[in-house]
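S.K.:
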Amino acid sequence: IPIYGDETLQFSYLYTSEDTGLKAEVLAEFVWLVGLVVTYLLVSSLRLTLVSRRHAAQLSFNALHDPLTGLPNRRMLETVISSACTRARRDRSRIAVVFLNLQGIRLINDSLGHATGDAVLKEIAQRLNCDDMPEGVVAQLGAVEFVLLMFGVNDEQAQACTQQVINKLSCPYDIDGQRITMGVSAGISTSDGYVDDPM
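So the sequence shown is residues -11 to 187, counted in my numbering.
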């Protein structure tokens, strides 16, 4: 198209084949499919992470607690007693460690079965974890051995609390319609925290 003088205006056209539209559709579907796969992988990875965290927490709990009663075990008690001694030294207070031994669990297991003995141990753990106990930790050392660690108590308070625990554990247990009683003995050790070997 001539424009003033020697200058001309030219038009050019670019033609594309019809199958380019098909390629664009395939590309869009491919991008959507890749996005779907990436989303699935991210969700699966998140799910596996949550499951692994849950299993790790359960393994950590099982390593430090009795599987039947859920009470801290000996391994955790060692750490807690060491920390309690440090706290007693810092606060210039006293701690009391009460060792409880139950008499009769083996007889219950032998005569009534281990399921009944397990039910009694669970009931004992519940009685020891009640709200009227002083500040402290209850742990299970063995099948019939429990430890009660109390913070900030003097000798008289430790003795009074231990007598309450003995009375509470000596009360009869009603398991599957059977009335079960057992004996409890206790030993008390108090300290200001200045000990070489807390355990």
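Every residue gets a Cβ at the ideal spot worked out from N, C-alpha and C, and that includes glycine.
Indicate whether Asp180 and Ser81 have their beta-carbon atoms separated by less than 9 Å.
M.R.: Yes.
S.K.: What do you reckon, are the CB atoms on Ala213 and Ile176 nearer than 9 Å?
M.R.: Residue 213 cannot be examined here, being either before or after the span of the chain that is shown, -11 to 187.
S.K.: If I'm right that Thr136 touches Leu88 with Cβ under 8 Å, what's the distance once you round it to whole angstroms?
M.R.: According to the sequence displayed, residue 136 carries Leu and not Thr. Right, the Cβ-Cβ distance comes to about 7 Å (below 8 Å), so this counts as a contact.
S.K.: Whole-angstrom Cβ separation of Val86 and Thr150, contact assumed at under 8 Å?
M.R.: Yes, Val86 and Thr150 are in contact; Cβ-Cβ is about 5 Å, under 8 Å.
S.K.: Just how far apart, CA to CA, sit Arg62 and Ile168?
M.R.: Using only the alpha carbons, I get a separation of about 27 Å.
S.K.: Where in the stretch 67 to 115 do unbroken runs of the beta strand (DSSP E), each at least 3 residues long, occur, reported from the N-terminal end onward?
M.R.: With a minimum length of 3 residues, the continuous beta strand (DSSP E) runs that stay inside the stretch 67 to 115 are 83 to 91.
S.K.: Would you mind reading off the limits of the alpha helix (DSSP H) that contains Thr150?
M.R.: Taken as a continuous stretch (DSSP letters only), the alpha helix (DSSP H) holding Thr150 covers 143 to 158.
S.K.: From Tyr28 to Ala45, what distance separates their C-alpha atoms?
M.R.: Tyr28 and Ala45: Cα-Cα distance of roughly 26 Å.
S.K.: Output needed for Asp143: all residues of its chain with C-beta closer than 7 Å, excluding positions within five of it in sequence on either side, in chain order.
M.R.: Taken in chain order, the residues that qualify are Thr178.
S.K.: What is the DSSP secondary structure of Gly23, reduced to helix, strand or coil?
M.R.: Gly23 falls in the helix class under three-state DSSP.
S.K.: Output the distance between the C-alpha atoms of Asn97 and Asp79, rounded to the nearest integer angstrom.
M.R.: Rounded to the nearest angstrom, the two C-alpha atoms are 44 Å apart.
S.K.: Is it true that the CB of Met170 sits closer than 9 Å to the CB of Glu66?
M.R.: No, the Cβ-Cβ distance between Glu66 and Met170 is not below 9 Å.
S.K.: Please tell me whether Ala72 and Phe134 are closer than 9 Å, where the distance is taken between their beta carbons.
M.R.: Contact flag unset, no.
S.K.: Do Leu157 and Ile112 have their C-beta atoms within less than 9 Å of each other?
M.R.: Result yes, Cβ atoms of Leu157 and Ile112 sit closer than 9 Å.
S.K.: Find out if the Cβ-Cβ distance for the pair Ile163, Ala131 is shorter than 9 Å.
M.R.: The answer is no: Cβ separation not under 9 Å.
S.K.: With a threshold of 8 Å on Cβ separation, who are the neighbours of Gln114 within its own chain once the five nearest residues in sequence on each side are excluded?
M.R.: Excluding sequence neighbours, Gln114 sits near nothing in its chain.
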